[in-house]
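Below you'll find the structure, written out as structure tokens, and then a few comments.
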Amino acid sequence: MIIAAFGIPGSGKSTTTKEIGKILDIKTFHEPEESDWGEAVKMRKICGNFNAIMWFRSIRVPHYYKADELRKIGKSSMLDSSYDKLFYLYHDKPGLEWLFSSKDIFYDEMVSISKKDYLNLPEIDLLILFKLSEDNWKRFINDRNRNLDNEEEFKRSFILQEAFINAARTYCKNTNCILYEHSQSYTDSKTEAIKIVNDIKKYFN
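Position 161 of the sequence shown, counting from 1, maps to 255 under the working numbering, and the rest follow consecutively.
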């Protein structure tokens, strides 16, 4: 089984999925921390957002295939995000301007890539959708204190949550993927992970 997390940046996915992986004793695939980001990301104002996205994609896409190989031998694993698989479903929605917009010179290429990813990346079996209030989102953002979080467009991006919710529901409606919607509280990640595991463990039977 491939379990994947999905939610707007700053919703607590990464820290919570780490704890879920520990509890379930399964392999969990994570994005690099900010200190390990590549030059294309650190220099995104010069290189452009498309190249920054492609850097992250080059890290995350292999995770899907590694998870798929584990699934083929009967093992479960977790992806800490589903951005690449589902990007096609929300690429043109309000709130994403801080990352990608129709004004990007690589817009057509990005849409084409995201459509191919949506159709061809390994399918997800269980999607954990992280939802949270705007107040809690601001608290999480303040806690992690990334450079990107201080950009004005990003600070206005909470509206993107609606598009993420719709994307998750659309994907699961059109596939055999199970959707679990989790309301994320502003507590420690282990507490949230325990809540999630208690609810999703029935799908492992």
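Backbone N, C-alpha and C fix where the C-beta goes; we use that ideal spot for every residue, glycine too.
Using a C-beta cut-off of 8 Å, the stretch 105–112 makes contact with the stretch 273–293, since at least three inter-stretch Cβ pairs fall below that distance. Boundaries for Ile167: no beta strand (DSSP E) harbours it, and the DSSP string shows neither H nor E there.
By the C-beta density criterion, Tyr184 is buried, having at least 16 other C-beta atoms within 10 angstroms. In this chain, the alpha helix (DSSP H) harbouring Ser283 covers 283–294.
Here Leu190 carries a coil assignment [DSSP, helix/strand/coil]. In the DSSP assignment, Glu275 forms a beta bridge with Leu223. Here Phe100 is not near Met172, since their CB atoms are 8 Å or more apart. Burial of Phe252 is indicated by the presence of at least 16 other C-beta atoms within 10 angstroms of its C-beta.
The C-alpha of Ser195 is placed about 19 Å away from the C-alpha of Asn260.
When C-alpha distances from Lys179 are compared across Leu190, Glu163, Leu213, the shortest belongs to Leu213. In this structure, DSSP gives Ile207 a helical state, which the three-state scheme calls helix.
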